[in-house]
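Structure first, commentary second.
Protein chains: 2
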Amino acid sequence: MDRTVVNLQEKFSRLTEHWAPRVIAEMNDYQFKVVRLQGDFVWHDHPETDETFLVIEGSLRIDFPDRAVQLGPGELFVVPKGTRHKPYAQDEVKLLLIEPRGVQNTGNEGGDRTAANDIWI
Amino acid sequence: MDRTVVNLQEKFSRLTEHWAPRVIAEMNDYQFKVVRLQGDFVWHDHPETDETFLVIEGSLRIDFPDRAVQLGPGELFVVPKGTRHKPYAQDEVKLLLIEPRGVQNTGNEGGDRTAANDIWI
Chain A
0 MDRTVVNLQE KFSRLTEHWA PRVIAEMNDY QFKVVRLQGD FVWHDHPETD ETFLVIEGSL
60 RIDFPDRAVQ LGPGELFVVP KGTRHKPYAQ DEVKLLLIEP RGVQNTGNEG GDRTAANDIW
120 I
Chain B
0 MDRTVVNLQE KFSRLTEHWA PRVIAEMNDY QFKVVRLQGD FVWHDHPETD ETFLVIEGSL
60 RIDFPDRAVQ LGPGELFVVP KGTRHKPYAQ DEVKLLLIEP RGVQNTGNEG GDRTAANDIW
120 I
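First to last, the sequence lines map onto chains A and B. If you read the first sequence in numbering that gives the first Met the number 0, its first letter stands for residue 0, the second for the next number, and so on. If you read the second sequence in numbering that gives the first Met the number 0, its first letter stands for residue 0, the second for the next number, and so on.
What follows is the structure, given as structure tokens:
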């Protein structure tokens, strides 16, 4: 067994780009990803899967068509599959994302906010 | 969509028992569980699945037959499926566990350390 301990802050310290998820660990066919967010993202959904947001630092708003939720450090939210959502961070947020391998950050929306997938840090 | 924001510390504040995992959220067929650990557990493995440990507070050692890893706050480790392991916490640890629904805390070992499964908090 060659797996190592993953320190979240050490991973964030090597990541400067915004909206660029980086894989830090895998559990079965799921991935843990660190990502720095700042500003507004695009509306999208993931038709095939739920997606988990766990805020490590900062304050994250997730907008839905009919409501919004606000997450602080140590707060977790599972966006149900097929639910349109748009993350927004007024100030920078450090986020842990958990979702199946292969999920695109923009769902099926495409566009220039689509990040390269499956890149480890 | 009736899902709510889950605050980890609020969940821990309502959990006093040790070695009693409590479900706080589900993502597809996976569960997020809070658990307080103190002292020694039993050797076991999960033949069907990986299991993720994310330490929220305290210092956790996980023993394997040929090595041990030490996890502090903000550190994550994925125990590979079928790998025998034994968690140990000298002082109390607050832990977030992530694994598929239905996984028993003692694997197939059984015994009096086996916790009730699928209990939400």
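Cβ atoms here follow ideal geometry from the backbone N, Cα and C, with glycine treated the same way. These numbers were taken from a predicted model, which means no experiment stands behind them.
Using a Cβ-Cβ cut-off of 7 Å, residue 101/A is close to nothing in chain B; its nearest Cβ partner there is about 13 Å away.
The residue among 116/B, 58/B and 79/B with its C-alpha nearest the C-alpha of residue 103/B is 116/B.
Sequence-distant Cβ neighbours of residue 101/B in its own chain, meaning closer than 8 Å and more than five residues away, are 116 and 117. Scanning 42/B, 12/B and 88/B for the CA closest to the CA of residue 106/B turns up 42/B. Taking C-beta separations shorter than 7 Å and ignoring five residues to either side along the sequence, the partners of residue 48/A in its chain run 80, 98, 99 and 102, following chain order.
With respect to the 7 Å criterion, residue 4/A and residue 68/B are classified as neighbours on the basis of their beta carbons.
DSSP places residue 103/B outside both helix and strand once states are collapsed to three, so it counts as coil.
One alpha carbon belongs to residue 16/A, the other to residue 114/B, and they sit about 43 Å apart.
For residue 9/A, the enclosing alpha helix (DSSP H) covers residues 7-12. Spatial neighbours of residue 39/B in its own chain (CB-CB distance under 6 Å, excluding positions within 5 residues in sequence) are listed in chain order as 87. In this structure, DSSP gives residue 18/B a state outside helix and strand, which the three-state scheme calls coil. Just so you know, the alpha carbons of residue 29/B and residue 50/B end up roughly 10 Å apart. Beta-carbon to beta-carbon, residue 53/B and residue 75/B are separated by about 5 Å, close enough to satisfy the 8 Å threshold. For residue 24/B, the chain A residues whose Cβ falls inside 9 Å of its Cβ are 51, 75, 76 and 77, in order along the chain. With respect to residue 96/A, residue 55/A sits apart: the two C-beta atoms are not nearer than 7 Å. Within chain A, no C-beta atom comes nearer than 9 Å to that of residue 120/B; the closest sits roughly 13 Å away. Listed along chain B, no residue sits closer than 8 Å to residue 87/A by beta-carbon distance, the nearest being about 15 Å off. For residue 63/B, the enclosing beta strand (DSSP E) stretches over residues 59-63.
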